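Visitor:
Number of protein chains: 4
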Amino acid sequence: MNYTTVEVRVRYVETDQMSFVHHSNYLKYFELARLEWLNFLGISYSQLEESGVLMPVVRASAEYIKPLFFDESFKITVSLIDPPKATLKFQYVVVNSKNITVCKGETVLAFLSKKTMRPTRCPKILNEKFS
Amino acid sequence: MNYTTVEVRVRYVETDQMSFVHHSNYLKYFELARLEWLNFLGISYSQLEESGVLMPVVRASAEYIKPLFFDESFKITVSLIDPPKATLKFQYVVVNSKNITVCKGETVLAFLSKKTMRPTRCPKILNEKFS
Amino acid sequence: MNYTTVEVRVRYVETDQMSFVHHSNYLKYFELARLEWLNFLGISYSQLEESGVLMPVVRASAEYIKPLFFDESFKITVSLIDPPKATLKFQYVVVNSKNITVCKGETVLAFLSKKTMRPTRCPKILNEKFS
Amino acid sequence: MNYTTVEVRVRYVETDQMSFVHHSNYLKYFELARLEWLNFLGISYSQLEESGVLMPVVRASAEYIKPLFFDESFKITVSLIDPPKATLKFQYVVVNSKNITVCKGETVLAFLSKKTMRPTRCPKILNEKFS
Numbered sequence: 025m026n027y028t029t030v031e032v033r034v035r036y037v038e039t040d041q042m043s044f045v046h047h048s049n050y051l052k053y054f055e056l057a058r059l060e061w062l063n064f065l066g067i068s069y070s071q072l073e074e075s076g077v078l079m080p081v082v083r084a085s086a087e088y089i090k091p092l093f094f095d096e097s098f099k100i101t102v103s104l105i106d107p108p109k110a111t112l113k114f115q116y117v118v119v120n121s122k123n124i125t126v127c128k129g130e131t132v133l134a135f136l137s138k139k140t141m142r143p144t145r146c147p148k149i150l151n152e153k154f155s
Numbered sequence: 025m026n027y028t029t030v031e032v033r034v035r036y037v038e039t040d041q042m043s044f045v046h047h048s049n050y051l052k053y054f055e056l057a058r059l060e061w062l063n064f065l066g067i068s069y070s071q072l073e074e075s076g077v078l079m080p081v082v083r084a085s086a087e088y089i090k091p092l093f094f095d096e097s098f099k100i101t102v103s104l105i106d107p108p109k110a111t112l113k114f115q116y117v118v119v120n121s122k123n124i125t126v127c128k129g130e131t132v133l134a135f136l137s138k139k140t141m142r143p144t145r146c147p148k149i150l151n152e153k154f155s
Numbered sequence: 025m026n027y028t029t030v031e032v033r034v035r036y037v038e039t040d041q042m043s044f045v046h047h048s049n050y051l052k053y054f055e056l057a058r059l060e061w062l063n064f065l066g067i068s069y070s071q072l073e074e075s076g077v078l079m080p081v082v083r084a085s086a087e088y089i090k091p092l093f094f095d096e097s098f099k100i101t102v103s104l105i106d107p108p109k110a111t112l113k114f115q116y117v118v119v120n121s122k123n124i125t126v127c128k129g130e131t132v133l134a135f136l137s138k139k140t141m142r143p144t145r146c147p148k149i150l151n152e153k154f155s
Numbered sequence: 025m026n027y028t029t030v031e032v033r034v035r036y037v038e039t040d041q042m043s044f045v046h047h048s049n050y051l052k053y054f055e056l057a058r059l060e061w062l063n064f065l066g067i068s069y070s071q072l073e074e075s076g077v078l079m080p081v082v083r084a085s086a087e088y089i090k091p092l093f094f095d096e097s098f099k100i101t102v103s104l105i106d107p108p109k110a111t112l113k114f115q116y117v118v119v120n121s122k123n124i125t126v127c128k129g130e131t132v133l134a135f136l137s138k139k140t141m142r143p144t145r146c147p148k149i150l151n152e153k154f155s
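Chains as they are written, first to last, in this note's numbering: chain X, 25 to 155; chain U, 25 to 155; chain P, 25 to 155; chain E, 25 to 155.
In structure tokens:
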């Protein structure tokens with residue numbers, strides 16, 4: 025139960041004056057990885073939202089091991105921890121082009137009804153794919 | 025017909041490896057200025073959106089005269105050019121704490137019906153304030 | 025050993041199509057809070073960097089309790105956990121204008137020599153202020 | 025004298041509560057396109073910076089014709105207008121996956137000496153490639 029993204033390249037705007045990729049961007053890389061994975065599994069997150077289910081991040085953490093620099097390419101491996109329940113827990117490993125791990129992280133996502141803005145069940149389509 | 029924002033301070037994340045504020049951020053500063061102005065006039069952009077009117081930017085331009093650096097404070101003066109018609113045209117001047125103009129710009133906003141996603145009229149409340 | 029920021033207002037660009045503030049922005053809010061605190065203590069992070077010390081984030085986590093929405097104002101309280109050693113550990117609490125906690129988080133920062141890009145000691149000026 | 029990028033996909037974080045890609049992101053897409061082009065031509069912008077030449081954007085404009093939505097893929101075609109002089113002028117056309125033009129834009133870049141922070145000449149390597 026894991027997936028590795030295509031190569032992603034650091035954008036200039038993602039650097040800060042330290043010349044490192046700003047640490048907030050890794051949360052965007054994690055997101056990109058899990059949504060690319062859903063696509064790969066034939067699940068469109070857009071359709072999930074249209075069907076009335078939002079999946080906000082309720083917990084996130086990251087360990088920054090080495091910096092990424094402008095123009096470096098990297099890949100993210102995302103894994104689902106446990107089958108889906110009230111939440112989905114993903115782990116991430118970001119490796120640079122020399123195959124060195126630069127960042128590890130974890131996010132927990134909840135299911136929210138768009139109408140009521142209250143917790144709801146994991147959509148069937150996700151359950152089927154991830155169980 | 026113009027308004028000057030309270031002091032804003034450059035955030036670390038807004039810098040890039042050149043140590044300048046990344047040029048894309050000025051569009052965010054312009055946005056912040058015009059929405060602060062609407063607030064000041066007693067118009068809530070949130071309520072406009074809830075009432076079914078979106079105001080997307082359809083044209084934007086900026087001239088970058090001097091860089092802004094981390095931790096600098098600056099103000100944005102925003103002016104409405106012409107009374108509202110099918111679009112709203114704003115001009116912006118960003119000055120740093122030494123009162124030096126660092127950036128000038130312009131944006132044109134349209135009115136879009138949230139339902140039909142087609143152009144719609146300028147909401148009354150805006151017309152009244154800006155005419 | 026803690027500090028509460030001035031009021032900050034959610035920027036339009038910080039929302040995503042869920043209408044919530046995107047979760048990555050809270051790391052920017054945390055950063056803003058700790059740098060505002062340093063300023064308040066008379067420490068310029070710019071000067072720290074110029075003196076050759078970088079302070080990258082090496083660990084970050086956040087718990088998202090309630091969403092923040094466009095135009096909401098909020099405050100961040102930042103606390104230093106333990107006196108400075110090889111790293112600095114900060115905790116954050118973000119409360120909205122109704123005084124409800126919307127997010128809690130933690131970051132760990134390291135000290136890096138700009139020249140050697142290797143760990144270095146906590147600068148004296150920080151040690152003095154935080155001990 | 026033009027180049028078309030590989031396919032880029034809209035990231036979730038790039039949307040705003042209007043569900044459109046926020047207009048500031050197009051400046052990042054333009055940047056991505058011109059730096060990918062330099063790479064393609066065998067010019068590393070990182071090396072240019074290391075050799076002491078910064079290339080800040082001094083003017084930018086964009087016309088937003090149609091919105092881009094989350095998960096859409098798009099390509100950017102970038103063209104150099106005129107051979108390099110004191111500045112470099114690029115034009116951009118962003119087309120979505122249905123080959124519809126969603127945005128057009130232009131940026132002007134200057135050459136700045138990293139040491140003196142004053143205008144400098146176009147680096148030879150760029151001159152040779154673009155003349």
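Every residue gets a Cβ at the ideal spot worked out from N, C-alpha and C, and that includes glycine. Note that the structure is predicted; figures quoted are calculated from it, not measured.
(1) Chain E partners of Val102 of chain X, CB-CB under 8 Å?
(2) Can you name the start and end residues of the alpha helix (DSSP H) that Phe98 of chain E belongs to?
(3) If we call anything under 8 Å between Cβ atoms a contact, is Tyr36 of chain P one with Phe94 of chain P?
(4) Can you give me the C-alpha to C-alpha distance between Lys109 of chain E and Leu133 of chain E, rounded to a whole angstrom?
(5) Less than 8 Å between the beta carbons of Val81 of chain X and Asn26 of chain X, yes or no?
(6) Does the beta-carbon of Arg58 of chain U have 16 or more other beta-carbons within 10 angstroms, so that it is buried, or is it exposed?
(7) Starting from Phe93 of chain P, follow the beta strand (DSSP E) in both directions and report where the run begins and ends.
(8) Is Lys139 of chain P helix, strand or coil by DSSP?
(9) With 8 Å as the threshold, decide whether the Cβ of Phe135 of chain E is near any Cβ in chain P.
(10) So Thr125 of chain X and Ile89 of chain X are in contact, right, with Cβ under 8 Å, and what is the actual spacing, rounded?
(11) Does the separation of the CB atoms of Ser43 of chain X and Gln41 of chain U fall below 8 Å?
(12) Can you say whether Ser48 of chain U is buried or exposed, counting buried as having 16 or more other CB atoms within 10 angstroms of its CB?
(13) To which residues does DSSP link Leu78 of chain U through a beta bridge?
(14) Do you know how far the Cα of Gly129 of chain X is from the Cα of Met79 of chain E?
(15) Could you run through the region 77 to 102 of chain X and flag, in chain order, every residue whose CB is less than 9 Å away from some CB of chain P?
(16) Taking only beta-carbon positions, decide if Lys122 of chain E is within less than 8 Å of chain X.
(17) Within 8 Å (strictly less), CB to CB, does Tyr50 of chain X reach chain E?
(18) Strictly below 8 Å CB to CB, what residues from chain E border Ser43 of chain P?
(19) In chain E, which residues lie with their C-beta within 7 Å of the C-beta of Ser70 of chain X?
(20) Chain P partners of Leu56 of chain U, CB-CB under 9 Å?
(21) Let me confirm a value: Pro91 of chain P is counted as buried when at least 16 other C-beta atoms fall within 10 Å, else exposed. Which label applies?
(22) At the level of alpha carbons, what is the spacing between Trp61 of chain E and Leu65 of chain U?
(23) Within the continuous beta strand (DSSP E) that includes Asn120 of chain U, where are the two ends?
(24) I need the straight-line Cα distance from Glu87 of chain U to Ser121 of chain E, nearest angstrom please.
(25) I'd like the list of long-range same chain contacts for Tyr196 of chain X, defined as Cβ closer than 7 Å, with 5 residues on each side in sequence excluded.
(26) Using a Cβ-Cβ cut-off of 8 Å, state whether Leu150 of chain E counts as contacting chain X.
(27) Using a Cβ cut-off of 7 Å, pull out every chain U residue sitting near Leu59 of chain P, in sequence order please.
Guide: The structure says:
(1) Val102 of chain X does not reach chain E, its nearest Cβ partner there being about 14 Å away, counting only Cβ pairs nearer than 8 Å.
(2) First-last for Phe98 of chain E: Ser97 to Ile105, but that is the beta strand (DSSP E), not the alpha helix (DSSP H).
(3) Cβ distance < 8 Å, so Tyr36 of chain P and Phe94 of chain P count as in contact.
(4) If I take the Cα positions, the gap works out to 10 Å.
(5) The criterion of a C-beta distance shorter than 8 Å is not satisfied by Val81 of chain X and Asn26 of chain X.
(6) Counting every other CB atom within 10 Å of its CB across the protein chains shown gives Arg58 of chain U a total of 16 or more, marking it as buried.
(7) Premise fails: Phe93 of chain P is in no beta strand (DSSP E) and is neither H nor E.
(8) Lys139 of chain P sits in coil when the DSSP states are folded into three classes, being neither helix nor strand.
(9) Phe135 of chain E does not count as touching chain P.
(10) A Cβ-Cβ separation of about 6 Å places Thr125 of chain X in contact with Ile89 of chain X under the 8 Å criterion.
(11) Taking 8 Å as the cut-off, the beta carbon of Ser43 of chain X is found closer than this to the beta carbon of Gln41 of chain U.
(12) Label assigned to Ser48 of chain U: buried.
(13) By DSSP's assignment, Leu78 of chain U forms a beta bridge with U:Leu136.
(14) Straight-line spacing of the CA atoms in Met79 of chain E and Gly129 of chain X works out to 34 Å.
(15) For the region 77 to 102 of chain X, which is checked against every Cβ of chain P, the residues closer than 9 Å are Leu78, Met79, Pro80, Val81, Val82, Arg83, Ala84, Ser85, Ala86, Glu87, Tyr88, Ile89 and Pro91.
(16) No, because no Cβ of chain X sits closer than 8 Å to the Cβ of Lys122 of chain E.
(17) No - not a single Cβ of chain E is within 8 Å of the one on Tyr50 of chain X.
(18) Gln41, listed in chain order.
(19) Those within 7 Å of Ser70 of chain X in chain E are Phe94 and Asp95.
(20) The CB of Leu56 of chain U comes closer than 9 Å to the CB of Arg33, Arg35, Tyr36 and Val37 in chain P, given here in chain order.
(21) Answer is buried; the Cβ neighbour count reaches 16.
(22) Straight-line Cα distance between these residues: approximately 46 Å.
(23) Start and end: Thr111 to Asn120.
(24) Here the alpha carbons of Ser121 of chain E and Glu87 of chain U stand approximately 31 Å from one another.
(25) There is no way to answer for residue 196 of chain X, as the model of chain X reaches only from 25 to 155.
(26) Answer no: the Cβ-Cβ gap between Leu150 of chain E and chain X never drops below 8 Å.
(27) Correct list: Tyr36.
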